[in-house]
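A short write-up of the structure that comes next.
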Amino acid sequence: MLVNSLLAWILLSDWASKQLESITHGYLKLNCEDASCYGTLGVQRVGFALTLFHLILSVLLIGVHDSRSKRAAIQNGWWGPKVVAWILLVVASFFIPAGFFMFYGNYIALIGASVFILFGLILLVDFAHTWSETCIEKWEQDDTNKWQFILVGSTLFMYLGAIVLTGVMYTYFASSGCTKNIFWITFNLILAIVVTALGILPSVQEANPKSGLAQSSMVVIYCAYLVLSAVANEPSDGTDCNPLSKARGTRTTSVLLGAVFTFLAVAYSTSRAATQGGKALVNNQSEYAPLSSDPGVAMVTSQPSARRNEALLAAVESGALPVSALDEDDDDDDESYDTRDDEKNGCQYNYAFFHVIFAIAAMYISMVLTNWNTFTQSEGEGLILIGQSWPAVWVKIVSSWICYGLYGFSLLAPIIFPDRFLDY
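Under my numbering, think of the first position of the sequence shown as 231, with each following residue one higher.
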């Protein structure tokens with residue numbers, strides 16, 4: 231993913247665009263100023279190659295729930311052939327007519343990127359709850375106040391950061407006549423206050439005692455960043471609403487932050503898929519059960535190692551297991567046993583879903599690098615320009631609203647559907 235993204239980013243440079251234009255010998259027939267749209271189509275080609283690569287792997291790995299399956303080697307090995315296959319797909323993508331990538335960038339990649347954004351927002355809300363609950367649990371278990379300082383300090387820091395970002399937006403992007411910007415910034419501030427108050431409501435606290443300001447602060451600062459990124463990427467339309475619109479560094483910063491968030495979201499989403507496994511992705515949890523054919527052994531081997539020996543001994547004494555089971559347990563503790571093998575009892579995550587996440591993430595990165603594939607005609611010259619765009623702005627604004635909505639629903643859900651949240 232990282233190498234593919236760097237290659238796509240290089241294709242946006244003037245040098246790479248000119249080289250691409252020269253190599254194609256007119257195969258890509260577009261009127262471009264400084265060969266900019268050649269680079270954009272190059273990004274879409276490389277992104278398409280990576281998306282197709284992961285989709286192929288996803289299809290090949292459907293139904294693999296046993297890490298000792300022959301097809302599991304596709305996921306855990308075959309690195310040389312997979313790298314070669316990716317390179318071949320990248321090369322082959324440059325032989326596909328440009329018209330296909332116009333359609334791909336405007337529709338398919340756009341939809342995939344939108345799904346990834348939604349998925350990322352859901353994970354952000356989930357992470358906000360998980361972070362707060364983890365800190366509270368550590369605080370309750372620890373005799374010191376370390377976790378209390380971490381929880382309170384991070385909450386104050388994020389709220390302070392959100393206030394600073396809001397102040398910057400009002401100072402530089404909300405001048406007289408900038409109605410849209412003023413509305414977006416003010417509406418974001420109102421939503422931040424609403425979700426903060428919602429998190430400490432007595433009814434919400436009763437339904438989920440672990441909810442509070444810590445989760446809200448993470449959502450608030452992220453949404454403040456989204457709105458700031460949106461107003462900082464408004465195209466120049468003759469007004470002074472975006473003083474950074476003509477600065478080249480603005481777009482670079484936006485791409486950098488977007489790429490960092492993308493990689494963090496992908497890393498977290500895949501790790502969540504790995505830890506949640508069948509619980510999060512399928513209703514039938516038995517699909518990811520231990521591999522032993524004996525139900526009794528399967529139940530015992532799935533327990534933590536600290537209690538496993540006691541359970542084995544009790545099972546042997548009751549006659550449920552033969553005495554040889556104790557010897558098999560000792561074999562597992564032998565020095566030759568690879569403690570890094572965490573899939574001895576089954577796949578830790580859904581291999582097919584793993585690659586679907588990377589496929590839509592590749593679409594998202596392509597859209598970020600190409601400014602959401604927006605082409606703007608320059609006046610009187612018929613040239614295609616690629617720059618700051620309103621679609622990119624609206625994607626971020628709407629994403630912030632959806633994020634607030636998802637977080638608000640996560641607070642109200644235990645009240646609305648109490649039977650589904652008995653764990654609280």
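The beta-carbon is built from N, C-alpha and C at its ideal position, and this holds for glycine as well.
Under the DSSP assignment, Gly-429 falls in the alpha helix (DSSP H) whose first and last residues are 409-429. Straight-line measurement puts the Cα of Ile-393 at about 11 angstroms from the Cα of Ile-423. Within the same chain, and ignoring the five residues on either side of Tyr-452 in sequence, the residues whose Cβ sits closer than 7 angstroms to its Cβ are Leu-354, Cys-633.
Gly-407 is positioned such that its CB atom lies no closer than 9 angstroms to that of Cys-365. Judged by beta-carbon spacing, Asn-418 lies within the 9 angstroms limit of Ala-454, meaning their Cβ atoms are closer than that value. For Trp-309 and Val-233, the gap between their C-alpha atoms comes out near 15 angstroms.
Check the Cα spacing between His-284 and each of Ala-582, Thr-385, Ala-358, Phe-331: the tightest is with Ala-582.
Residue ranges of uninterrupted alpha helix (DSSP H) with 4 or more members, entirely inside the stretch 364-413 and ordered along the chain, are 376-402.
In the structure shown, Lys-440 adopts coil according to DSSP, grouped into three states. Counting the other CB atoms within 10 Å of its CB gives Phe-333 a total below 16, which places it among the exposed residues. When secondary structure is reduced to three states using DSSP, Leu-354 falls in the helix class.
When rounded, the separation of the alpha-carbon atoms in Ile-595 and Phe-349 is 14 angstroms. Taking all protein chains shown into account, Lys-376 has fewer than 16 neighbouring C-beta atoms within 10 Å of its C-beta and is therefore exposed.
Within the same chain, Cβ atoms closer than 7 angstroms to the Cβ of Thr-396 are found at Ile-415, Leu-419, Ala-454, the five residues on either side in sequence being excluded. A distance below 7 angstroms between beta-carbons, with the five flanking residues on each side excluded, links Leu-282 to the following residues of its chain, in chain order: Leu-319.
Annotated three-state conformation of Asn-234 is helix, per DSSP.
Exposed is the label assigned to Trp-624, since fewer than 16 other Cβ atoms lie within 10 Å of its Cβ. The C-alpha of Phe-413 is placed about 49 angstroms away from the C-alpha of Gly-293. Here Arg-650 carries a helix assignment [DSSP, helix/strand/coil].
Look at His-295 here: in three-state DSSP terms it is coil, with no helix or strand label. The Cβ atoms of Ser-630 and Val-457 lie closer than 9 angstroms to each other.
Collapsing the DSSP output to three states places Gly-307 in coil. Taking each of Ala-460, His-295, Pro-327 in turn and checking the Cα distance to Ala-404, the smallest one comes out for Ala-460. In this structure, Thr-385 keeps its C-beta atom at 9 angstroms or more from the C-beta atom of Ser-441. A direct Cα-to-Cα measurement between Met-593 and Ile-380 gives close to 36 angstroms.
One Cα belongs to Val-490, the other to Val-289, and the distance between them is close to 28 angstroms.
In the structure shown, the three-state DSSP call for Cys-471 is coil. The C-beta separation of Arg-301 from Leu-291 comes to about 6 angstroms, placing the pair in contact by the 8 angstroms criterion.
Rounded to whole angstroms, the Cβ separation of Ala-238 and Leu-494 is 18 angstroms, and the two are not in contact under 8 angstroms. No Cβ-Cβ contact shorter than 9 angstroms links Gln-445 with Trp-316.
By alpha-carbon distance to Val-449, the top candidate from Leu-636, Leu-474, Ile-341, Gly-342 is Leu-636. For Ser-323, same chain residues with a beta-carbon under 6 angstroms away, outside a window of 5 residues either side, are Arg-275, Phe-278, Ala-279 in chain order. Straight-line spacing of the CA atoms in Gly-307 and Val-313 works out to 11 angstroms. For Trp-620 and Thr-374, the gap between their C-alpha atoms comes out near 50 angstroms. Scanning its chain for C-beta atoms nearer than 6 angstroms, with the 5 sequence neighbours on each side dropped, one finds around Phe-346 the residues Ile-590, Ala-591, Tyr-594, in chain order.
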